[in-house]
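Report on the following structure.
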Amino acid sequence: MFAVLMLTAVTSAYALPRVGEDAVVKQLVDNFLKAEQSYDATSLAKMISESYVEVSPAGEVDEHDRFLSFYTPEKKTDWPPMSTSDISVRMFGDTAIEIVKFTYQMPQPDGGTRSMEMRGSFIAQRENGTWKLLGAHYTGIRHPQSK
141 MFAVLMLTAV
151 TSAYALPRVG
161 EDAVVKQLVD
171 NFLKAEQSYD
181 ATSLAKMISE
191 SYVEVSPAGE
201 VDEHDRFLSF
211 YTPEKKTDWP
221 PMSTSDISVR
231 MFGDTAIEIV
241 KFTYQMPQPD
251 GGTRSMEMRG
261 SFIAQRENGT
271 WKLLGAHYTG
281 IRHPQSK
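Converting from the sequence shown to our numbering requires adding 140 to each position, the first position being numbered 1.
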């Protein structure tokens with residue numbers, strides 16, 4: 141009987157969302173985006189798993205070392221203003237998925253700006269008590285052409 145009660149308690153506790161864990165994952169992704177924008181490869185390396193893999197907005201697959209090679213100081217460029225919205229985090233024990241919408245204000249030759257949107261999906265996993273990103277996938281959002 142004791143074993144049944146313990147199994148029930150453990151199973152129930154596992155199924156419940158861990159309070160605040162989604163906020164930890166959101167903060168991880170926010171910190172990751174800030175480190176990308178400041179080309180801080182050292183911070184990025186601390187936030188990603190050794191098995192990290194990313195599908196870039198161009199559709200290229202970049203594994204851990206190749207991904208980090210894009211964020212060296214000599215490659216630093218200015219990013220257009222960006223905002224995030226439609227953030228959704230799903231928790232699965234020690235694994236989480238965050239989906240976020242990015243809106244960039246892209247400078248135009250005439251001095252104006254044009255909005256460009258994309259979605260990012262981030263997979264995080266708790267490794268030795270610390271959340272790290274396993275991967276990311278970026279997809280552009282196409283809007284219907286106006287007639």
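All C-beta atoms in this analysis are idealised placements derived from N, C-alpha and C, irrespective of residue type, glycine included. Note that the coordinates shown come from a computational prediction; the quantities given were computed from them, not determined experimentally.
Where GLN245 is concerned, the enclosing beta strand (DSSP E) starts and stops at 235–247. Beta-bridge annotation (DSSP): THR212 is not paired with any residue. Boundaries of the alpha helix (DSSP H) harbouring SER183: 181–187, taken from the DSSP string. Excluding five sequence positions before and after SER183, the CB atoms of its chain that fall closer than 6 Å to its own CB belong to ALA175, given in chain order.
When Cβ pairs closer than 8 Å are counted between the two stretches, the stretch 185–199 is seen to touch the stretch 273–287, the count reaching three or more. Spatial neighbours of GLY280 in its own chain (CB-CB distance under 7 Å, excluding positions within 5 residues in sequence) are listed in chain order as PRO197 and MET258. Within the DSSP secondary-structure output, ILE263 pairs in a beta bridge with ILE237 and GLY275.
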